[in-house]
Amino acid sequence: MTGYVHSFETFGTVDGPGVRFVVFLQGCPMRCLYCHNPDTWSGGGTPYTARAVLEKMTRNLAFYKTGGLTVSGGEPLLQIDFLIELFTLAKKKGIHTCLDTSGATFDGGNKELLHKFDNLLKVCDLVMLDIKHINERQHIKLTGHSGKNILDFAYYLNMKNVPMRVRHVIIPDYTYKTEYLRSLGKFLKNLSNIEKIEILPFHKLGEHKYESLGYDYKLAETPALDDEDAKNAYEIIKSAM
Ligand code: SF4
């Protein structure tokens, strides 16, 4: 099975527990206004077999003893068959597997796809789920897509008892509003599989990429969020849980 890779990170410390080998896959159906990796959006990427990716990691396997393998993107679920093969091979070697996803391709009504999700979750130790916005209208405004299936995916992971870390980017004027943060807290309150909630303050480190790709950066006027506000956002979410 061939996967299309954007890049690798051999010393990932923010993409799951411990030190991780991180594979960023190419392609994403979402268009988050704050995305700092717009260079992953389109097709293309470098072809790798699942075996070749794993060999690249296992050359230094001892290095990842406290961590494991994370697949991120782009949106890794676009290449779900490749993911299943890669994680299956990793589990055979006892490697901890983590999927960093927006959940954008989840469709509970598609039996064939659901079967693939079930196969993937059998070999996935942790899902880091990016919840972009709790409000449907705002979700569409922020990402260009509905968020309903993403919330369904969170419920599905809960039902399947798959450990989950929730990630949420706090953006002034978009997600940084008490009403939205409380709604998110109330939603998360229903889930018992949450290991951690990670609040990510909005930053503009990817802005230059938009310019070089010829894309319009719509958040040029939006200020980056400071740590104090990120802490406050976290407290608001927790207070509603
Ligand atoms: S889902 Fe991730 S990669 Fe895709 S546009 Fe959003 S932030 Fe970027």
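Going by the working numbering, the first residue of the sequence shown is number 1, and it counts up by one from there. Yeah, the Cβ is synthetic: ideal placement off N, Cα and C, and Gly gets one too.
- Query: At which residues does the alpha helix (DSSP H) containing Met159 begin and terminate?
  - Reply: Lys148 to Met159
- CB-CB under 6 Å to Leu113, same chain, minus the five flanking residues each way: which ones, in chain order? Asp107
- Near ligand 1: Ser102 beta-carbon under 7 Å from a heavy atom: yes
- Return yes when the C-beta of Cys98 is under 7 Å from any heavy atom of ligand 1, and no when it is not. no
- Host alpha helix (DSSP H) of Ser212 (start-end): Glu207 to Leu213
- Note down, in chain order, each residue of its chain lying with its Cβ closer than 6 Å to the Cβ of Ile95, except the 5 sequence neighbours on either side. Gly68 and Leu69
- Query: Nearest-angstrom Cα distance between Met128 and Lys186?
  - Reply: 19 Å
- Please go through the same chain and pick out, in chain order, the residues whose beta-carbon is closer than 8 Å to the beta-carbon of Ser239, but skip the five residues on each side of it. Arg182 and Gly185
- Residues sharing a beta bridge with His133, DSSP: For His133, which the question treats as bridged, DSSP gives no partner whatsoever.
- Item | contact_flag[the stretch 40 to 51, the stretch 1 to 13] where n(CB pairs < 8 Å) is 3 or more | yes
- Under the assumption that Gly74 contacts Phe153 (Cβ atoms under 8 Å), give the Cβ distance between them as a whole number of angstroms. With a Cβ gap of about 17 Å, Gly74 and Phe153 do not count as contacting.
- Query: Quick one: what's got a C-beta closer than 7 Å to Pro223's C-beta in the same chain, skipping five residues either side?
  - Reply: Pro172
- Residue interval of the alpha helix (DSSP H) (run including Leu69): Per DSSP, Leu69 belongs to no alpha helix (DSSP H); it is in the beta strand (DSSP E), Gly68 to Ser72.
- Beta-carbon proximity of Leu121 to Lys91, cut-off 8 Å: no
- Query: Between Lys196 and the rest of its own chain, which residues show a CB-CB distance below 8 Å, the 5 nearest in sequence each way excluded?
  - Reply: Arg165 and Val166
- Looking only at DSSP bridge pairs, what is Gly3 linked to? Tyr48
- Under a three-way DSSP split, which group does Leu89 fall into? helix
- Determine the DSSP secondary structure at Gly12, reduced to helix, strand or coil. strand
- Query: If you compare alpha carbons, which of Leu77, Tyr234, Pro17 and Asp15 is closest to Gly27?
  - Reply: Leu77
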